[in-house]
Structure formats: C-alpha cells, structure tokens
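Asks: Please find one structure pasted underneath; my questions will follow.
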Amino acid sequence: MKAAVVTFPGSNCDRDLRMGFEQAGLQVEMVWHKDTALPEGVDIVGIPGGFSFGDYLRCGAIAANSPICREIVRHAEAGGYVLGICNGFQVLTETGLLPGALLRNANLKYICRSVPLQVEETQSVFTRGYKAGEEIVIPIAHHDGNYTADAATLDALEDEGRVAFRYGANPNGSDRDIAGVLSANRRVLGMMPHPERACHAAQGNEDGARLFAHLADALAEA
Amino acid sequence: MKARVHVMLKDGVLDPQGEAVRHALHGLGFEGVGGVRQGKVIEIELAEGTTEATVTEMCEKLLANTVIESYSVEMI
Chain A
1 MKAAVVTFPG SNCDRDLRMG FEQAGLQVEM VWHKDTALPE GVDIVGIPGG FSFGDYLRCG
61 AIAANSPICR EIVRHAEAGG YVLGICNGFQ VLTETGLLPG ALLRNANLKY ICRSVPLQVE
121 ETQSVFTRGY KAGEEIVIPI AHHDGNYTAD AATLDALEDE GRVAFRYGAN PNGSDRDIAG
181 VLSANRRVLG MMPHPERACH AAQGNEDGAR LFAHLADALA EA
Chain B
1 MKARVHVMLK DGVLDPQGEA VRHALHGLGF EGVGGVRQGK VIEIELAEGT TEATVTEMCE
61 KLLANTVIES YSVEMI
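So the sequence lines, in the order shown, correspond to chains A and B. Under UniProt numbering, the residue at position 136 of the first sequence is numbered 136, and the numbers go up by one with no gaps. Under UniProt numbering, the residue at position 57 of the second sequence is numbered 57, and the numbers go up by one with no gaps.
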C-alpha cells in the first residue's frame, strides 16, 4: 500500500503525517505542490496541516489551485482515498471535494490543545477501528476551524452518515459540533484535529494511531 | 485598466472579526454602531479590453469562496 504526502510552502505537519502512515505499514512518497502527477500506484493521498501559502487570500485557497491538487481531485474522482488534516481539510473544502467551509474560530483565538472527540460514523476506512459513539482525545491546533455549511448541506451530511467526528465540547463554533466530514463515496475525509499528533507513546497519546492502523488494514484488504 | 473586487461574508454567515471591531468601536465611545461586517477589497491591474465576465470568472474560481462569501466587481 502506498501513500503520497503533499508538501506546500508553509506545510508543517507533512513529516508527522508521513510518520503516521509509515508506522501503520504504508510506503510513503512525498510530493511537492508543483508536481504534475502523483506517484504510480498511490492508494491514498495525505494533505497535511500547516499554513500553506501563508494562509493568503483564504486558508487553503491557493493550495487548492496548485498543480498537484488538480491531480488529487482527479485521484479522488476516480475513487482514490484522500485524508486532509487541519489545513488539509481547508484545502479539501476549497477544491470542492468536501462541502462547507472553515471560518475563523468564533472566539477569534488560535486554539492549540487536546480535545475530546466523539466518533460519529464508523462506516469508512478511516474510522472503522473505532466504536460508534466512542470518545477519543485528539489535539487541535488552528485559527480557522469553525466548520460551516448551509442547513440543507448539514442535514444531508447527517442523514448520509458523513459526519465522521464531533467535538465533545465545541472549541471553535463549528456548526453542529462537526470536527470531520466524509465525501459521498466515504473515501475522502477532512478533519481539523490532528491524529498524526497522537500516534506514538512519545506524543503522550495514541488515540490517533488506530485511524492509521485500520486504514492500512482496509487498504491491504482492498 | 483595473478592476476592483469586493468580497464579503454572505449575510447570515457569522463574522466574528466584524463583531470584535464592533465591540472595539463601542469601547471607544462611538454610539449607535449597530453591526460591523469586515470584508476585503482586491484591486487587479488588467490588460486593456479585459471583460467584466473574465473578472467574474476569477472571482468564481479563486477570489471568493462562494460557499461563504459574496462578491461584486467594479471595472475602473
């Protein structure tokens, strides 16, 4: 199984994400924002956290229009897997692969702390290692994580079981406490919390490791 | 020639930055400030003959996120 992790100017979680994938047994190739093709045989693309292009214009907007992102959209539209974390989630909404948008946190503060999350939906390769309703703790670190979408979109996400994670205590004003959402085919996940920062004993928390481990198992079975 | 693009959060989308500015104006003693919305202005230098339709396309593809923002184009 092979993963590609993208680096944009301003990405800062790309190597952590690489470690998350590698620890689960995936082979990882790093790709640069100017690359015009994904490596041969990539199963999943990871879009990491950070501040791509300095968050200029809007978080993720410039990255979403980079050459590699055109290929990521093609990969996703062909049924490929994509995991976008934090800035990666913002990029995924800007590409239109996921609905909604991430606004400035309601309290206007940059928030960096571990938060309780409820696993809402286990029918995906990303969340199948958790129990429905299970509470896990994953760090967040963002200024613009306030998920918003119109009511019809939110209702559809809930009806279709596409809310992957909800905050236990809403830190940023997100509509309906939403912390992560899945695409209609359940193969693209965007989430503000950082599972790659919770996947090793040295990080003090391994709740995120299960996401990567079960993802690797699912890809191996496919 | 130039175009000036105004981008604003749509009505109904909470604007916490605008709210913070409103509080600050109130703190300075300005009475009667009902609400503040904060947006951005983007000025684009263009080749002669560029049409407003082209600038609108720029807005749709990049300058505004139409999920949360509205925009207006002014050719100047």
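We put the CB at the ideal spot given by N, CA and C, even for glycine.
How would you write the range of the beta strand (DSSP E) that Val45 of chain A sits in, first residue to last?
Replies: Val45 of chain A -> beta strand (DSSP E) spans Ile44 to Ile47.
Asks: Please work out which residues of its chain come closer than 8 Å, Cβ to Cβ, to Glu52 of chain B, disregarding the five sequence neighbours upstream and downstream, and give them in chain order.
Replies: Ala3, Val73 and Met75
Asks: List the residues of chain B whose Cβ lies closer than 7 Å to the Cβ of Glu94 of chain A, in chain order.
Replies: Asn65
Asks: DSSP three-state call for residue 230 of chain A: helix, strand or coil?
Replies: In the structure as shown, chain A begins at 1 and stops at 222. Residue 230 of chain A is therefore absent and cannot be evaluated.
Asks: For Arg58 of chain A, which of A:Gly88, A:His75, A:Asn205 and A:Ile136 has the nearest alpha-carbon?
Replies: A:Gly88
Asks: Name the chain A residues that come within less than 7 Å of Ile68 of chain B, Cβ to Cβ?
Replies: Within chain A, the residues near Ile68 of chain B are Ala101, Leu103 and Thr148.
Asks: Tell me whether Ile68 of chain B sits in a helix, a strand or coil according to DSSP, three-state version.
Replies: coil
Asks: Output, in chain order, the set of chain B residues within a Cβ distance shorter than 8 Å of Asp170 of chain A.
Replies: The displayed chain sequence assigns Asn, not Asp, to residue 170 of chain A. Within 8 Å Cβ-Cβ: nothing; Asn170 of chain A doesn't reach chain B, min ~13 Å.
Asks: Hey, could you find the ends of the alpha helix (DSSP H) Gly88 of chain A is sitting in?
Replies: Asn87 to Thr95
Asks: State yes or no: is the C-beta of Asn170 of chain A nearer than 8 Å to some heavy atom of the ligand NAP?
Replies: Only the bare structure without any ligand can be found here, which leaves the ligand NAP out of the picture.
Asks: List the residues of chain B whose Cβ lies closer than 7 Å to the Cβ of Arg58 of chain A, in chain order.
Replies: In chain order: Asn65.
Asks: Within 9 Å of any Cβ in chain A, is that where the Cβ of Leu62 of chain B sits?
Replies: So yes, Leu62 of chain B belongs to the interface.
Asks: Do you know whose CA, among A:Arg70, A:Gly96 and A:Met1, lies nearest Leu189 of chain A's CA?
Replies: Each of A:Arg70, A:Gly96 and A:Met1 was checked against the Cα of Leu189 of chain A, and the nearest Cα belongs to A:Gly96.
Asks: Do Gly168 of chain A and Leu117 of chain A count as a contact pair if the criterion is CB distance below 9 Å?
Replies: yes
Asks: Name the one or two DSSP bridge partners that Arg113 of chain A has.
Replies: Answer by DSSP bridge pairing, in chain order: A:Ile140.
Asks: The beta strand (DSSP E) spanning His6 of chain B covers which residue range?
Replies: Lys2 to Leu9
Asks: Go through its chain and collect everything with a Cβ distance to His142 of chain A's Cβ below 6 Å, but skip five positions before and after it.
Replies: For His142 of chain A, where only same-chain residues beyond five positions count, the Cβ hits under 6 Å are Cys86 and Met192.
Asks: Going straight from the alpha carbon of Pro171 of chain A to that of Ile111 of chain A, what length do you get?
Replies: 8 Å
Asks: Can you list, in chain order, the residues of its chain with a C-beta nearer than 7 Å to that of Gln38 of chain B? Leave out the 5 residues immediately preceding and following it.
Replies: Asp15, Gln17, Gly18 and Val21
Asks: Label Asp14 of chain A either buried or exposed according to how many other C-beta atoms from any shown protein chain fall within 10 Å of its C-beta, with 16 as the threshold for buried.
Replies: buried
Asks: Any idea what DSSP makes of Met30 of chain A, helix, strand or coil?
Replies: strand
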